[in-house]
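Numbering (the numbering used here), first residue to last: 4 to 140.
This is the structure:
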């Protein structure tokens, strides 16, 4: 059984209970969580792609595209959404500032590239979710 847990501040009791549940499973389980960073640690920039200006960031040698920004009060829901996207093998980052948080996807991710090529996408997040749903069918 293979488990990846990115959040190192998880309570030990939770890990023990979680490992106990997983030990009863016969199949391999991979738990992939989005990276959470402070927006002060990223380098944000704008780039032109397919006829529109997009917001990008550079963090730890990787380029990302902002999918959407949210009020900080919605951070738990945004994190949960990031987990769902990360489970689909997308490289996802959640950045947080004092009043907002943003969900980012790696520009190397094929789903992100296809999403950016969707000219009529009013919300990059909606486009990403629909692409993820299409791939799972």
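Cβ atoms here follow ideal geometry from the backbone N, Cα and C, with glycine treated the same way. Keep in mind the model is a prediction, meaning the values are calculated, not measured.
Taking just the CA atoms, how far does residue j sit from residue i?
| i | j | result |
| --- | --- | --- |
| residue 80 | residue 35 | 16 Å |
| residue 49 | residue 75 | 22 Å |
| residue 83 | residue 112 | 20 Å |
| residue 90 | residue 100 | 25 Å |
| residue 59 | residue 88 | 18 Å |
| residue 85 | residue 115 | 14 Å |
| residue 24 | residue 57 | Note that residue 24 scores 46 on pLDDT, short of 50, meaning its location in the model is unreliable and no value can be drawn from it. |
| residue 51 | residue 121 | 14 Å |
Assuming the contact rule is C-beta atoms closer than 8 Å, residue i and residue j should be a hit. Round their C-beta distance to whole Å, please.
| i | j | result |
| --- | --- | --- |
| residue 70 | residue 106 | 5 Å |
Using CA atoms only, rank isn't needed, just tell me which of the options is closest to residue i.
| i | options | result |
| --- | --- | --- |
| residue 104 | 117, 96 and 55 | 96 |
| residue 110 | 43, 68, 45 and 51 | 68 |
| residue 41 | 91, 129, 86 and 61 | 61 |
| residue 46 | 55, 88, 98 and 90 | 98 |
| residue 77 | 57, 116 and 102 | 102 |
| residue 64 | 121, 44 and 114 | 44 |
Look at residue i and residue j and say whether their C-beta atoms are less than 7 Å apart.
| i | j | result |
| --- | --- | --- |
| residue 53 | residue 128 | no |
| residue 93 | residue 108 | yes |
Q) What are the start and end residues of each continuous alpha helix (DSSP H) run of 4 or more residues lying completely inside the region 69 to 106, in chain order? A) Listed in chain order, the complete alpha helix (DSSP H) runs (minimum 4 residues) inside the region 69 to 106 are 78 to 90.
Q | Ranges of the beta strand (DSSP E) found wholly within the region 42 to 66, counting only runs of at least 3 | A | For the region 42 to 66, the full-length beta strand (DSSP E) segments reaching 3 residues or more read 46 to 52 and 55 to 62 along the chain.
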